[in-house]
Amino acid sequence: MRLRFAPSPTGQLHVGNARTALFNWLMARGQGGTFILRIEDTDFERSTRESERSMIEDLQWLGLDWTEGIDVGGEHGPYRQSERLHIYRAHAVELMSAGHAYHCFCSAEMLEADRSAALAAGRPPKYVGRCRQLPRDEARRRIASGEAAVIRFRVPDNRDVSFDDVVRGTVTFNTDVIGDPVIVRSDGVPAYNYAVVIDDALMEITHVIRGEDHISNTPRQLLIFEAFGWRPPTFAHVSLVMGPDHSPLSKRHGATSVAEFRARGYLPEALTNYLALLGWSPGEKEELVPIDQLAPRFRLQDVGHSAGVFDIDKLAWVNRHYLKAADPGRLARLSVPYLQQRGWVSEPMSSDLDYLERVIPAAAGSVDRLEQVPARLAFLFDYSAARALAAPAVRAEALASRAVMTALAEELSTSGRLVDREAFRAAASRVRDRTGQKGKALFHPIRLALTGETEGLELDLAVPAIEGGAMLHASGIKPIMGAAERAREFASALNDEPTA
RNA sequence: GCCGGUAUCGUCUAGGGGUUAGGACGGGUGGUUCUCAGCCAUCAAACCGGGGUUCGAAUCCCCGUACCGGUACCA
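Throughout the first sequence, residue numbering follows our numbering, covering -4 to 495 in sequence.
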């Protein structure tokens, strides 16, 4: 079994295409097949190497590895269509001499006129066949005289072409609605419907899994396979991915490319897990399953027939799951860039990294995506008693719990660093004993004073993180104010307040 | 217009001639935790419409409707 993913390098890898790539990968991985990456860059206007590079990078990031194709080579190369022009040319000649293709000299204006006429008459706007019967020597003469020509494939009249689509069942088209397609443009570059056939045949692709938008191209391609006497691959057309409003997923729906999801701090295993479940289900009650475990169970027959809406909330849920399961070192490494953006971290040294590896996973476990980690850690790097007290709700609560604030400041001025959960709890108990406050009336004011925020990580985690940060002799991390100093600053800022 | 495809809670889906139509995300409520998140419990929420076949249709058939795709010298 040989499968391929064949993107056009025009822009970034879209999640819809990533899903198609994933289904191919799942199939190859699950059935012991070969997954091939081919680049379809015959649209020279829009294709760029930059885009090709980013797509390769995105595919690698997702973990959808290929064992043949661009980047890794193989026996059926080259794998970039722009490097296979000579192959297409040779096969076009073959097609022409067998009478399956012919030169067409119709101008764009003529074609447009034909088209509107057909539409007006309620007929499918297909090529009228003006150049179909042009004698070969006449065509040759006109070409020699420098006239521009395309090569069209001759589609037989009134024939039903059908194929068994693995996900949709039997699909039939009548050739009467199909015009003779251009297979080689006037600039000598092959058109998509032709190049795919040559490539899929020569690369010995056995299963073509692609987007539903290609379903009506399939009969043309089948006819070309037939003209060459080649056996066509098995086709499977998977439905498209939609936005929440049920229109095709686009930028106005937010992130649509794999690169954007990566930049926002989604984990690749979360994206692939989510995408695998969009349009396919491994059965009941299973949602969180890594793709390598999904692969052996993946069956094209079970892929849904209808378009799926991309649900960002469900992706977030899946991502949270993988964030909680991820290795601390990895989370730290992935989160540092976001902290650098805030200017809180520059080039962390190893002692800094140890600290970040303790602190970041705590934050990452309560966030949808890694880009939200800084907000969760702002209490460390961005503490300001004055700013916290500027918020009316904070000021009101702080004023109401002045006793706790004062006791906390006094307690921390004599206690040692609260380096762990136990030390913090002991200190909190002593504040409780001094003030008689407990529960929410005790801990919430402490949170306010020590973090400057009304919500955030559990204090058991947050306070040791503050203290640990304050003890750092770090050069790569913004200095972190210790708990005692925070308590003192908060209490004194509070005492400057007029009593309510 | 023409051709093709699709249709179960808001979303992703399971199921499928007789079921209390199941699960997950999201939402509501209650509990737990200093808070948010989480966790636990709990509630609301669906078979596109109309015909037909049948004792019985959400399931099979037909017709509509809606949506998606194609209708290029783009892929």
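We put the beta carbon where it would ideally sit given N, CA and C, even for glycine.
Any idea which residues DSSP pairs residue i with across the strands?
i: A231; result: I204
i: E63; result: I31
i: M237; result: P243 and V304
i: L467; result: None; L467 has no bridge partner.
i: I472; result: V340
i: L(-2); result: F30 and H202
i: R75; result: I34
i: P185; result: V179
i: H209; result: Per DSSP, none; premise fails for H209.
i: S252; result: H9
i: D160; result: G164
i: G68; result: G64
Give me the Cβ distance between residue i and residue j, rounded to the nearest whole Å; I'm assuming they're in contact under 8 Å.
i: S181; j: A144; result: 6 Å
i: P323; j: P369; result: With a Cβ gap of about 17 Å, P323 and P369 do not count as contacting.
i: F438; j: A460; result: Actually they do not touch by this definition, with Cβ atoms about 16 Å apart.
i: L59; j: L114; result: Contact flag wrong, Cβ pair sits at about 42 Å.
i: V10; j: L272; result: Rounded, the Cβ-Cβ distance is 13 Å, inconsistent with contact.
i: H300; j: S234; result: 7 Å
i: A380; j: R481; result: 7 Å
i: A190; j: I146; result: Not really, about 13 Å apart at Cβ, beyond 8 Å.
i: F30; j: W61; result: 5 Å
i: E366; j: G451; result: With 8 Å as the limit, E366 and G451 do not qualify as a contact, their Cβ atoms being about 17 Å apart.
i: G477; j: E453; result: That pair is no contact at about 19 Å.
i: M22; j: I204; result: 6 Å
i: Y317; j: A258; result: The pair is not a contact, with the Cβ atoms about 17 Å apart (cut-off 8 Å).
Would you decide whether residue i is buried or exposed? Buried here means 16 or more other CB atoms lie within 10 Å of its CB.
i: D160; result: buried
i: S274; result: Here residue 274 turns out to be Gly, not Ser, going by the sequence shown. Buried, because 16 or more other Cβ atoms sit within 10 Å of the Cβ of G274.
i: A495; result: Confidence is the limiting factor: at A495 the pLDDT is only 46, short of 50, which leaves the residue's position unreliable, though a coordinate-based value still follows. Looking at its Cβ environment, which holds fewer than 16 other Cβ atoms inside 10 Å, A495 is exposed.
i: H202; result: buried
i: D175; result: buried
i: R33; result: buried
i: I472; result: buried
i: F293; result: buried
i: I138; result: exposed
i: E89; result: exposed
i: V458; result: buried
i: H232; result: buried
i: S396; result: buried
i: S140; result: exposed
i: S42; result: buried
i: I4; result: Note that residue 4 corresponds to Pro in the displayed sequence, not to Ile. Per the 10 Å Cβ criterion, buried.
i: M105; result: exposed
i: T15; result: buried
i: G94; result: exposed
i: H98; result: buried
i: Q296; result: exposed
i: Q128; result: exposed
i: Q76; result: buried
i: S330; result: buried
i: I475; result: buried
i: L8; result: buried
i: A488; result: buried
Along the chain, where does the alpha helix (DSSP H) that runs through residue i open and close?
i: V426; result: R416 to T430
i: L270; result: P263 to A271
i: I441; result: K435 to T446
i: V362; result: Note, V362: premise wrong, no alpha helix (DSSP H); not H, not E.
i: S487; result: A478 to N490
i: I51; result: R44 to L57
i: P568; result: In the structure as shown, the chain starts at -4 and stops at 495, and residue 568 therefore has no counterpart that could be examined.
i: V399; result: R397 to T409
i: L384; result: A380 to L384
Which two residues bound the contiguous beta strand (DSSP E) that contains residue i?
i: T167; result: G164 to N169
- prompt: If you scan the segment 78 to 157 from start to end, which runs of the beta strand (DSSP E) of 3 or more residues do you find wholly inside it?
  reply: 96 to 99 and 145 to 148
Runs of alpha helix (DSSP H) wholly within the segment 275 to 353 (minimum 4 residues, chain order): 286 to 289, 307 to 320 and 323 to 336
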